[in-house]
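Here the structure is laid out as structure tokens; the discussion comes afterwards.
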Amino acid sequence: MKTIVNIVLIFCTICFKAQAFPGNISIENLKIPDSPAFVLLDEAPTNVETPQTTKALAFSLVNSFNSSSGFPSNFAVDFTPYFITDTKKTFSEYNGFNDKDEYNPFSSAYKNLSASFAFVKKDSVQNMAIGFKTTLVKIISSDQRKYFTKDLPEIYKKLEQERKDNYNPVTGEMKSEKVYESLVEEYNKAYSDYMDFKPVFMINIAGAYNHFFDNSMSSSGKFGRLGGWITLNYNTQLVNNKEGVNKNNYLSLYGFGRVLRDEMTFDMESKTYAKDTYTDIGAKINFQFDKLTIGYEYIRRSGNNSSNDYRSLGSIKYEINTNVSIIGGFGKNFQTDKDLVSFLGINWGINFSNDFTVDNK
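If you count by mature numbering (1 follows the signal peptide of the UniProt record, and there is no 0), then the sequence shown holds residues -20 to -1, 1 to 341, one letter each, in order.
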């Protein structure tokens, strides 16, 4: 009799666990990275940006309305190796936490590393550029730590108890599949909400190289531009709700520094391309209201033949959904006498291999 009871208990336990919350979650709201290859050539709607996460693959299409071409001719592809090479991803490890819930602010260098390839056409010149971008430092707030180490486990315990109350040990099934599905949805949302938090402070570095081809000249294909830059970013929430969950309302401040080696300016007197070295220093302010972000950036350029050149652009970005966003920029760009230039870009991100193992405590 005792053996039969044990078998029944084991059977019920197996059935019970079969309806447990999934051990993996799929994160869809990863951010679309900006293309360093576009930034190198100053053909991006904004040169200053630091997404806190990156999608596995992203496509960017940018059109400059001050160019002679009516149809968009600037394309970029970005990919994040982490999602291809790391097959055993955990939610804690991806967000910088170890098994003891200790946070490491220097853990994002590889996870946020993205490579970029871009094609940019300016009149008769075709540019091909490659670049990279990564996060050196990511510091989160005490509220973010609390949400990860305390709130998430408490949310899980609450949902787990509701799941148990919804379980029928006699039939080995849930009393209501709709209730169970809603609990799983709430379970996944709790983890996805964490991904919308912006770090308090970030340091990003990037670099890119450009090779260009001038179709108007007999000799074609040469070094164009090489650059490296650093971006500092501070974020603070504009609105906090009672639950402490991020509602995507932020004030963001940026500092930007860049060094460029440029050989793309043709000197009519010497009939050669001038060799210039530039230093760019700038800042940006962003206001994010959920899916809408409004910003302004100013970058001053110094160096040979720079003649106090600068870039002064306003930008507006709207996230249609987690995979598609539209961004526009308007103002003055480097090396142009026009007071107004305009950029319009469409970014499309693709998620794959974005399942993370969750250690439910």
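Cβ coordinates follow ideal geometry from the N, Cα and C atoms, glycine included.
{"Check": "Beta-carbon spacing of Ser156, Glu8 below 8 Å", "Outcome": "no"}
{"Check": "Among Thr302, Phe332 and Leu324, the one whose alpha carbon lies nearest that of Gly309", "Outcome": "Leu324"}
{"Check": "Local Cβ density within 10 Å of Ile300, reported as buried at 16 or more and exposed below that", "Outcome": "exposed"}
{"Check": "Inter-residue spacing [alpha-carbon to alpha-carbon] between Gly207 and Gly262", "Outcome": "15 Å"}
{"Check": "Backbone CA spacing between Tyr160 and Met154 [nearest angstrom]", "Outcome": "7 Å"}
{"Check": "Three CB pairs or more closer than 8 Å across the segment 180 to 196 and the segment 102 to 120", "Outcome": "yes"}
{"Check": "Classification of residue 358 by the beta-carbon crowding that lies within 10 angstroms, buried from 16 upward", "Outcome": "Absent from the structure is residue 358, since the part of the chain shown begins at -20 and ends at 341."}
{"Check": "Three-pair Cβ contact test at 8 Å for the segment 108 to 115 versus the segment 124 to 140", "Outcome": "no"}
{"Check": "Cβ pair Gly204, Glu243 closer than 8 Å", "Outcome": "yes"}
{"Check": "Closest Cα partner of Phe236 within the set Glu277, Leu21 and Asn92", "Outcome": "Glu277"}
{"Check": "Assigned secondary structure, Val42 (DSSP; H/G/I helix, E/B strand, else coil)", "Outcome": "strand"}
{"Check": "Beta strand (DSSP E) segment containing Met182, residue limits", "Outcome": "Phe181 to Asp194"}
{"Check": "Exposure of Phe71, with buried meaning 16 or more beta-carbon neighbours within 10 Å", "Outcome": "buried"}
{"Check": "Where Met175 falls: helix, strand or coil (DSSP)", "Outcome": "helix"}
{"Check": "Distance between Thr30 and Tyr306 (C-alpha atoms, nearest Å)", "Outcome": "It is worth fixing the name first, because residue 306 is Ile in this sequence and not Tyr. Going by the C-alpha atoms only, they are around 17 Å apart."}
{"Check": "Cβ pair Asn27, Arg291 closer than 8 Å", "Outcome": "yes"}
{"Check": "Asp145: first and last residue of the uninterrupted beta strand (DSSP E) it sits in", "Outcome": "Looking at the DSSP string, Asp145 is not in any beta strand (DSSP E); the run it does join, the alpha helix (DSSP H), is Leu132 to Asp145."}
{"Check": "Neighbourhood of Ile296 by C-beta, 6 Å cutoff - its chain only, sequence neighbours within 5 removed", "Outcome": "Ile274 and Gly308"}
{"Check": "Short Cβ contact (8 Å threshold) for Leu233 with Leu218", "Outcome": "no"}
{"Check": "Residues near Trp328 by beta carbon distance below 6 Å, same chain, minus five either side", "Outcome": "Phe39 and Val304"}
{"Check": "Gln32 in three-state terms, based on DSSP", "Outcome": "coil"}
{"Check": "Thr259, buried or exposed, once every other Cβ within 10 Å from all chains shown has been counted against 16", "Outcome": "exposed"}
{"Check": "Continuous beta strand (DSSP E) stretch holding Gln268: start and end", "Outcome": "Thr252 to Phe269"}
{"Check": "Asp58 beta carbon less than 8 Å from that of Ser15", "Outcome": "yes"}
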